[in-house]
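Chemist:
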Amino acid sequence: MGINMDMKDMLSEKRYNHCLRTKEMAEKLCDRYNIDKKAIDAAFYHDICKELSLSDMIELIGDKYANDIDGMYNKSILHGYAGAKFLETKLGILDEEILSAVRYHTTGKKNMTDIEKVVYISDAIELGRDYPNVDKIREKVFENLNEGILMEIDYKIKMLIDKKVAIHKNTIEFRNELIKEVYGEK
Ligand SMILES: [Fe+2]
Ligand SMILES: [Fe+2]
């Protein structure tokens with residue numbers, strides 16, 4: 001794997017520390033649910049491109065994921081796609097499971113693997129996070145991974161509605177699938 005220098009060059013100290021805490025949370029979840037430890041590396045690198053400009057992100061990504069991105073060319077959606085491309089092309093990380101976990105850590109998507117789920121939720125519940133109910137969500141994640149993630153997504157979607165911003169289709173598809181996994185077909 002790459003060394004920490006890469007991350008420190010790319011990120012402010014504050015965001016670097018967030019990545020370290022996300023990695024620590026991923027370690028705990030990998031232990032708790034016996035999930036492949038490559039999730040820990042992906043968690044550490046997940047925000048590597050978060051501080052690039054929008055035009056740098058777009059240039060890095062190219063048009064391969066245009067369908068997936070579905071017109072939502074903003075930094076919050078794109079930094080995962082840019083991060084995956086950066087890891088692949090600049091750091092030589094070729095493991096598609098790691099790249100995919102980084103690519104989809106903000107939106108989630110349909111058919112998330114355990115590795116992808118761990119990165120997604122570790123980002124949201126790392127110990128520096130402070131939003132209403134984060135303690136309850138964290139507790140639920142350790143009790144039942146899918147139920148905990150569903151709690152977090154519901155919170156996130158409500159927040160996006162309050163902010164009057166668009167909700168990416170992948171997030172809706174991720175939620176729909178978790179609803180099936182948790183409650184069965186409805
Ligand atoms: Fe992120
Ligand atoms: Fe993050």
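Per the UniProt record's numbering, the sequence shown runs over residues 1 to 186. The C-beta atom is built at its ideal place from N, Cα and C for all residues, glycine as well. Since we're looking at a predicted model, the values are computed, not measured.
#1: Evaluate Thr89 with the Cβ neighbour count: other Cβ atoms within 10 Å of its Cβ, from every protein chain shown; 16 or more gives buried, anything less gives exposed.
#2: What do you reckon, are the CB atoms on Asp36 and Ile115 nearer than 8 Å?
#3: Would you give the residue range spanned by the alpha helix (DSSP H) that Glu177 belongs to?
#4: Report all residues from its chain with a CB closer than 7 Å to the CB of Lys38; omit the five preceding and five following residues, and keep chain order.
#5: In three-state DSSP terms, what is Met1?
#6: Do Asp41 and Cys19 count as a contact pair if the criterion is CB distance below 8 Å?
#7: Look at Leu78 and Met57 and say whether their C-beta atoms are less than 8 Å apart.
#8: How would you write the range of the alpha helix (DSSP H) that Cys49 sits in, first residue to last?
#9: Which residues end up in the neighbourhood of ligand 1 when you take C-beta atoms closer than 7 Å to any of its heavy atoms?
#10: My assumption, with CB atoms under 8 Å, is that Met151 sits in contact with Ile137. Please give the rounded CB distance.
#11: Tell me the DSSP secondary structure of Asn74 in three-state form.
Modeler: Let me spell this out:
#1: Taking the first residue of the sequence shown as 1, we reach residue 89 at position 89. Under this definition Thr89 is an exposed residue.
#2: For the purposes of this step, residue 36 is taken as residue 36 along the sequence shown, with counting starting at 1. For the purposes of this step, residue 115 is taken as residue 115 along the sequence shown, with counting starting at 1. In contact: Asp36 and Ile115 (Cβ atoms closer than 8 Å).
#3: Walking along the sequence shown from the start, residue 177 turns up at place 177. Segment 169-183, the alpha helix (DSSP H) holding Glu177.
#4: What you label residue 38 is simply residue 38 of the sequence shown in a count that begins at 1. Contacts found: Asp95, Glu97, Ile98, Ile115.
#5: Walking along the sequence shown from the start, residue 1 turns up at place 1. Residue placement at Met1 is flagged as unreliable, the pLDDT there being 46, under the threshold of 50; the coordinate-derived value follows with that caveat. Three-state DSSP puts Met1 in coil, outside helix and strand.
#6: Stepping through the sequence shown from its first residue, residue 19 is reached at position 19. Stepping through the sequence shown from its first residue, residue 41 is reached at position 41. In this structure, Asp41 does not lie closer than 8 Å to Cys19 by Cβ.
#7: The count along the sequence shown starts at 1 and reaches residue 78 at position 78. The count along the sequence shown starts at 1 and reaches residue 57 at position 57. It is a contact, given that the beta carbons lie within the stated cut-off.
#8: As a position in the sequence shown, residue 49 is number 49, starting the count at 1. Neither: Cys49 is in no alpha helix (DSSP H) and is coded neither H nor E.
#9: His46, Asp47, Lys50, His79, Gly80, His105, Thr106, Asp123
#10: Taking the first residue of the sequence shown as position 1, residue 151 is located at position 151. Taking the first residue of the sequence shown as position 1, residue 137 is located at position 137. Confirmed, about 5 Å.
#11: For this step, residue 74 is matched to residue 74 along the sequence shown. Coil at Asn74, not helix or strand.
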